[in-house]
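**Student:** Before anything else, here's the structure in question.
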Amino acid sequence: GAVVSQHPSWVICKSGTSVKIECRSLDFQATTMFWYRQFPKQSLMLMATSNEGSKATYEQGVEKDKFLINHASLTLSTLTVTSAHPEDSSFYICSATGTVTYEQYFGPGTRLTVT
Amino acid sequence: AQSVSQHNHHVILSEAASLELGCNYSYGGTVNLFWYVQYPGQHLQLLLKYFSGDPLVKGIKGFEAEFIKSKFSFNLRKPSVQWSDTAEYFCAVNDAGGTSYGKLTFGQGTILTVHP
Chain A
2 GAVVSQHPSW VICKSGTSVK IECRSLDFQA TTMFWYRQFP KQSLMLMATS
52 NEGSKATYEQ GVEKDKFLIN HASLTLSTLT VTSAHPEDSS FYICSATGTV
102 TYEQYFGPGT RLTVT
Chain B
5 AQSVSQHNHH VILSEAASLE LGCNYSYGGT VNLFWYVQYP GQHLQLLLKY
55 FSGDPLVKGI KGFEAEFIKS KFSFNLRKPS VQWSDTAEYF CAVNDAGGTS
105 YGKLTFGQGT ILTVHP
């Protein structure tokens, strides 16, 4: 149980275009979802927290107009990277929690490459 | 703000050797503590967690960790590693209360390579 999926697993896009990444909880209702970014050989950095039906809360330094997060249902959150640039290339990972908020289940991640 | 420091970036061991990975955190309040593992090509998985009570916690696959509050440490141990323990290990903390409840702060990660 407690499976989180992400789609796509990898994506290549051209600079200036937008990319949407989906995060789904497959067998539980996710009241809260978190989005992380991981640079090569570095740790996961929390980007934002989203609760179903409300606006996401972004961490300091994360541009909310560039990284649009939508958590429209209890099983789906999306991250849209708008007007992507090469510096946005990274590994994006989502996690989800149910009613027990300290128990986070992680998705497999999405590798974004912007050319 | 919280911060987490893992002392070793890369640890190389032979099978059957004992393992200890260091983790220290900086935070003035009450925290929950976690160790996650990421096997090659797979997603992060929870190894063990500490919330309260016995500071020695046991997790999956023979791993354990000890919370020493006075040292702000939560070191991961395993008496005898196996080749299949080759992975990257992350220490993480979150605030046990308040508005940031649930948000994890991760350490830099430690890559463990176990040679057969």
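One line per chain: the protein sequences are A and B, in this order. Here the first sequence is numbered in the numbering used here, starting from 2 and rising by one per residue. Here the second sequence is numbered in the numbering used here, starting from 5 and rising by one per residue. Backbone N, C-alpha and C fix where the C-beta goes; we use that ideal spot for every residue, glycine too.
Thinking Val82 (chain A) and Phe68 (chain A) are a contact (beta carbons under 8 Å), I'd like their distance in whole angstroms, please.
**Tutor:** Confirmed, Cβ separation roughly 6 Å.
**Student:** With 8 Å as the threshold, decide whether the Cβ of His1 (chain B) is near any Cβ in chain A.
**Tutor:** The requested residue 1 (chain B) is not part of the displayed model; chain B covers only 5 to 120.
**Student:** Could you name the residues of chain A that His47 (chain B) contacts, counting a contact when the two beta carbons are closer than 8 Å?
**Tutor:** Chain A residues near His47 (chain B): Val5, Ile94, Phe107, Gly108, Pro109 and Gly110.
**Student:** Below 8 Å between beta carbons is the criterion; list the residues of the stretch 104–119 of chain B that meet it against any residue of chain A, in chain order.
**Tutor:** Listed by position, the residues of the stretch 104–119 of chain B near chain A (Cβ gap below 8 Å) are Tyr105, Gly106, Lys107, Leu108, Thr109, Phe110, Gly111, Gln112 and Gly113.
**Student:** Using a Cβ-Cβ cut-off of less than 7 Å, give me the residues of the stretch 43–62 of chain A that come near chain B, in sequence order.
**Tutor:** Against chain B - using a Cβ distance shorter than 7 Å - the residues of the stretch 43–62 of chain A are Gln43, Ser44, Leu45, Leu47 and Thr50.
**Student:** Please determine if the stretch 44–62 of chain B and the stretch 70–84 of chain B are in contact, where contact requires at least 3 C-beta pairs separated by less than 8 Å.
**Tutor:** Verdict: yes, contact present.
**Student:** Identify every residue that forms a DSSP beta bridge with Met46 (chain A).
**Tutor:** Looking at the DSSP assignment, Met46 (chain A) forms a beta bridge with A:Arg38.
**Student:** Whose Cβ in chain B lies nearer than 8 Å to the Cβ of Thr33 (chain A)?
**Tutor:** The contacting residues are Gly106.
**Student:** Give me the chain A residues within the contact set of Phe94 (chain B), using Cβ-Cβ distance strictly less than 9 Å, ordered along the chain.
**Tutor:** Correct list: Ser44 and Leu45.
**Student:** Could you round the C-beta distance between Ala1 (chain A) and Cys24 (chain A) to whole angstroms and report it? I think they count as a contact, below 8 Å.
**Tutor:** Chain A is shown from 2 up to 116; residue 1 (chain A) falls before or after that span and cannot be answered.
**Student:** Since Pro109 (chain A) contacts Ser44 (chain A) with CB under 8 Å, what's their CB separation in whole angstroms?
**Tutor:** 17 Å between Cβ atoms; not a contact.
**Student:** Taking a contact to mean a Cβ-Cβ separation below 8 Å, would you say Val35 (chain B) touches Ala100 (chain B) in this structure?
**Tutor:** Yes, Cβ-Cβ distance for Val35 (chain B) and Ala100 (chain B) is below 8 Å.
**Student:** For Trp11 (chain A), report the span of its beta strand (DSSP E) as first-last.
**Tutor:** Start and end: Trp11 to Cys14.
**Student:** How close, in whole Å, do the beta carbons of Ser55 (chain A) and Ile70 (chain A) come, if the pair is a contact with beta carbons under 8 Å?
**Tutor:** Not quite, the Cβ-Cβ distance comes to about 11 Å (not below 8 Å), so this is no contact.
**Student:** Tell me which same chain residues have a C-beta within less than 6 Å of the C-beta of Ser22 (chain B), skipping the five on either side of it?
**Tutor:** For Ser22 (chain B), where only same-chain residues beyond five positions count, the Cβ hits under 6 Å are Pro83.
**Student:** Does any CB atom of chain B fall closer than 8 Å to the CB of Thr81 (chain A)?
**Tutor:** Judged by the 8 Å Cβ criterion, Thr81 (chain A) is not in contact with chain B.
**Student:** What's the call for Phe35 (chain A), buried or exposed, on a 16-neighbour Cβ count within 10 Å?
**Tutor:** Under this definition Phe35 (chain A) is a buried residue.
**Student:** Within 8 Å of any Cβ in chain B, is that where the Cβ of Thr100 (chain A) sits?
**Tutor:** Judged by the 8 Å Cβ criterion, Thr100 (chain A) is not in contact with chain B.
**Student:** Cα separation between Phe155 (chain B) and Thr18 (chain A)?
**Tutor:** It is not possible to answer for residue 155 (chain B), since the shown part of chain B is limited to 5 through 120.
**Student:** To the nearest whole angstrom, what separates the beta carbons of Thr111 (chain A) and Val12 (chain A), a pair I think is in contact under 8 Å?
**Tutor:** Rounded, the Cβ-Cβ distance is 7 Å, consistent with contact.
**Student:** In angstroms, rounded to a whole number, what distance separates the CA positions of Ala69 (chain B) and Phe78 (chain B)?
**Tutor:** Cα to Cα, the separation comes out at about 6 Å.
**Student:** Starting from the Cα of Lys65 (chain B), find the closest Cα among B:Phe55, B:His47, B:Gln86 and B:Tyr54 and give me that residue.
**Tutor:** Selected option, being the one with the closest Cα: B:Gln86.
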